[in-house]
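Trainee: Here it is, the structure, as structure tokens.
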Amino acid sequence: MAIIPVDERRKHSWNGGPSLAPYHSCGAQMQLRAGVGAVPLRCPTGCLFSEELRITSAEKLQLVYQWSQLKSSNSSEASQNVVFTANSVPADEDTFNAYGNLPMGVTHHKGILYVTIPRRRPGIPATLNVIDMARNPSANNPTLDPYPNLLVNSLRRDFTADPKRVISVYRTQVDRCDRLWFVDTGYLEYPGGAGRQVQRPALWVIDLTINRSVRRFEIPPEMVEFGYGIPNIEVDVDDRDCGRAYAYIPDYEWRRLYVYGLTEGRMWRFEHNYFSFEPRYGDFNVAGQQFTWYDGIFSVAVGGRWENSAAERTVYLHAMVSVSEIAVSNRILQNETMAQLGSGAYGRAFHHLGARGPNTQSSSHAYDPRTGVLFYAEINRNAIGCWNTHKQFTPENHGIVHLDNEEMIYPADLRIDSDGDLWVISNRLPIWIYSQLNRTEVNYRIWRQSASRAIAGTVCA
């Protein structure tokens, strides 16, 4: 694919983002709901943005599973209703805390869903879980089983480190070689000053054909001190050699990108101003919750061919608090020597493509090789956005394939499986953090749709 960056004069910096004049305009207010052609978006000064979404012909994502609250098969009804406040930590870590079990990531592979529950509260039996779809035909309250088993997911009572256990996982990915990749942050994000680094953050690789770990790499302290800023992972595998694989790991806290080479058995890192957040896009309004975040680089997606090269691929990345997209060749990221030389050696290799448009802050994004479309989980407008990478990177070429302000509140993760199906999990995270979830309503949902059907009739087709 051809990289079409914006004019160099419009590149963003700490002092502001790229020029927004081409698509900032005030106009008449329009109704906001899925299926309506135009959606109103407000800028910080109160003027109104009018944006053509063109989603009327797209096939909406289909609901697969939903929960009001997650339940433990080994807990009593009484313990399921416990909600721990910021100042209360249970004496027994094994006490199940239904409210604290907030699903964050979803990955599908051959009829199995891998669902993560990071340990942001006590009382979480397993941070890495699976749903066997064949055994859970109903959409309501499917069973989550610890993966690979409960022992691997269990905490020691004295919180001592154990390299055979997994502490906290945010998101996962399965590569084309049937391997599950994830980062265990090793960190308990308990509120009230109770958080702690139990063990070093570590990259895990599990062979799903035998359900056994084939690699565990502890991220050294000289690379990163704490693991709580690692929210995501992207895997880049050579088309002809499963042994030649690289994991791209963003760190929103320290604004770094870590790269692990499977063959090399080593990790190196990149630092760049583009990994920082864009201050003007730090204010969010999700389901009535208004808050300010500062998250830097958050998601990485391996795309199609880099320009005209048959050997290189484009890697897309962005900060969560940003509406910009950055592109770089995967050959740059895989060059350990260049990383060690510092940003002076590789700084110009990162290209600022432009801005997606207002309110397009995104958690995860993923590339579909069949359609050449990049999909975004847009958390500030409860939508799934898209961009056809064969087109110029402009707001006008970005569409929406699904928008739902009632049921898809905060799409936390987005993945595309080997069949070309798009998978999304929504979890109402801002309400969970800043207010209180209504435990009689459905709060967590998993969605699916064919990528090709999702973009039908949109500007991304």
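Numbers in our numbering are just positions in the sequence shown, counted from 1, shifted up by 215. Note that beta-carbon positions come from the ideal geometry of N, C-alpha and C, so glycine has one too. The model shown is predicted, which means the values in this text are computed figures rather than measured ones.
Measuring straight from C-alpha to C-alpha, what distance separates residue 683 and residue 630?
Mentor: This structure cannot settle anything about residue 683, because the visible part of the chain is limited to 216 through 676.
Trainee: Note down, in chain order, each residue of its chain lying with its Cβ closer than 7 Å to the Cβ of residue 565, except the 5 sequence neighbours on either side.
Mentor: Excluding five sequence positions before and after residue 565, the CB atoms of its chain that fall closer than 7 Å to its own CB belong to 487, 489, 541, 543, given in chain order.
Trainee: Please state whether DSSP places residue 673 in a helix, a strand or coil.
Mentor: Looking at residue 673 - three-state DSSP - the assignment turns out to be coil, as it is neither helix nor strand.
Trainee: Helix, strand or coil: how does DSSP classify residue 552 here?
Mentor: The answer is helix: DSSP assigns residue 552 an H, G or I state.
Trainee: With C-beta atoms as the reference, is residue 636 less than 8 Å away from residue 664?
Mentor: Yes. Within cutoff.
Trainee: When you compare only the Cα positions, how much space is there between residue 669 and residue 326?
Mentor: One C-alpha to the other measures close to 20 Å.
Trainee: Report, in whole angstroms, the separation of the C-beta atoms of residue 382 and residue 342, which I expect to be a contact under 8 Å.
Mentor: 7 Å
Trainee: For the stretch 465–474 against the stretch 501–517, do three or more pairs of beta-carbon atoms, one drawn from each stretch, fall closer than 8 Å, so that the two count as touching?
Mentor: yes
Trainee: Just the C-alpha distance for residue 678 and residue 348, rounded to the nearest angstrom, thanks.
Mentor: Since the first residue shown for the chain is 216 and the last is 676, residue 678 is missing from the structure and cannot be characterised.
Trainee: Would you say residue 572 and residue 613 are within 8 Å of each other, going by their C-beta atoms?
Mentor: yes
Trainee: In three-state terms, what does DSSP make of residue 300?
Mentor: For residue 300, the pLDDT reaches just 32, beneath the cut-off of 50, and the residue's location in the model is therefore unreliable, although a value from the coordinates is still provided. DSSP places residue 300 in coil when its eight states are reduced to three.
Trainee: Would you mind sorting residue 658 into buried or exposed? The rule is 16 or more other CB atoms within 10 Å of its CB.
Mentor: Classification of residue 658: buried, given that the 10 Å Cβ count is 16 or more.
Trainee: Span of the alpha helix (DSSP H) holding residue 367?
Mentor: 365–368
Trainee: Start and end of the alpha helix (DSSP H) containing residue 647?
Mentor: 644–649
Trainee: Give the range of the beta strand (DSSP E) segment to which residue 383 is assigned.
Mentor: It is not in any beta strand (DSSP E) - residue 383 carries neither H nor E in the DSSP assignment.
Trainee: Going by DSSP in three states, residue 212 sits in which element: helix, strand or coil?
Mentor: Since the displayed the chain opens at 216 and closes at 676, residue 212 lies outside it and no answer follows.
Trainee: Near residue 441, what residues of its chain come up, given a Cβ to Cβ distance below 7 Å and the 5 sequence neighbours on each side ignored?
Mentor: 402, 412
Trainee: Quick one: Cα of residue 419 to Cα of residue 584, how far?
Mentor: If you take the alpha carbons of residue 419 and residue 584, they lie about 25 Å apart.
Trainee: Looking only at its own chain, which residues have a Cβ that is under 7 Å from the Cβ of residue 202, when we skip the five neighbours before and after it?
Mentor: Because the chain here runs from 216 to 676, residue 202 falls outside it and cannot be looked at.
Trainee: From residue 647 to residue 627, what distance separates their C-alpha atoms?
Mentor: Cα-Cα distance, rounded: 13 Å.
Trainee: Taking three-plus beta-carbon pairs below 8 Å as touching, is the stretch 545–565 in contact with the stretch 493–506?
Mentor: no
Trainee: Once DSSP output is grouped into helix, strand and coil, what is the label at residue 441?
Mentor: coil
Trainee: Going by DSSP, which residues form a beta bridge with residue 545?
Mentor: According to DSSP, residue 545 bridges with nothing at all.
Trainee: How would you call residue 673, buried or exposed, if buried means at least 16 neighbouring beta carbons within 10 angstroms?
Mentor: Per the 10 Å Cβ criterion, buried.
Trainee: If residue 346 sits next to residue 357, beta carbons under 8 Å apart, how far is it from one beta carbon to the other, in whole angstroms?
Mentor: A Cβ-Cβ distance of about 5 Å is found for the pair residue 346 and residue 357, placing them in contact under the 8 Å criterion.
Trainee: Got a sec? Which residues, its chain only, sit under 6 Å from residue 491 by beta carbon, not counting five neighbours each side?
Mentor: For residue 491, where only same-chain residues beyond five positions count, the Cβ hits under 6 Å are 470, 511.
Trainee: Quick check on the DSSP output: the alpha helix (DSSP H) that includes residue 582 runs from which residue to which?
Mentor: Run containing residue 582: none in the alpha helix (DSSP H); it sits in the beta strand (DSSP E), 577–583.
Trainee: Reducing DSSP to helix, strand and coil, say where residue 590 ends up.
Mentor: Looking at residue 590 - three-state DSSP - the assignment turns out to be strand.
Trainee: For residue 477, which of 578, 459, 493 has the nearest alpha-carbon?
Mentor: 459
Trainee: Could you pull the DSSP bridge partners for residue 540 from this structure?
Mentor: 569
Trainee: With C-beta atoms as the reference, is residue 285 less than 8 Å away from residue 365?
Mentor: no
Trainee: With a threshold of 6 Å on Cβ separation, who are the neighbours of residue 582 within its own chain once the five nearest residues in sequence on each side are excluded?
Mentor: Cβ within range, chain order: 516, 518, 589.
Trainee: For residue 448, count the other beta carbons within 10 Å of its own beta carbon; 16 or more makes it buried, fewer makes it exposed. Which is it?
Mentor: buried
Trainee: Using only alpha-carbon positions, find the residue among 319, 432, 389, 497 that is nearest to residue 378.
Mentor: 432
Trainee: Tell me where the alpha helix (DSSP H) around residue 518 begins and ends.
Mentor: Per DSSP, residue 518 belongs to no alpha helix (DSSP H); it is in the beta strand (DSSP E), 512–520.
Trainee: Report buried or exposed for residue 580, applying the criterion of at least 16 other Cβ atoms within 10 angstroms of its Cβ.
Mentor: buried
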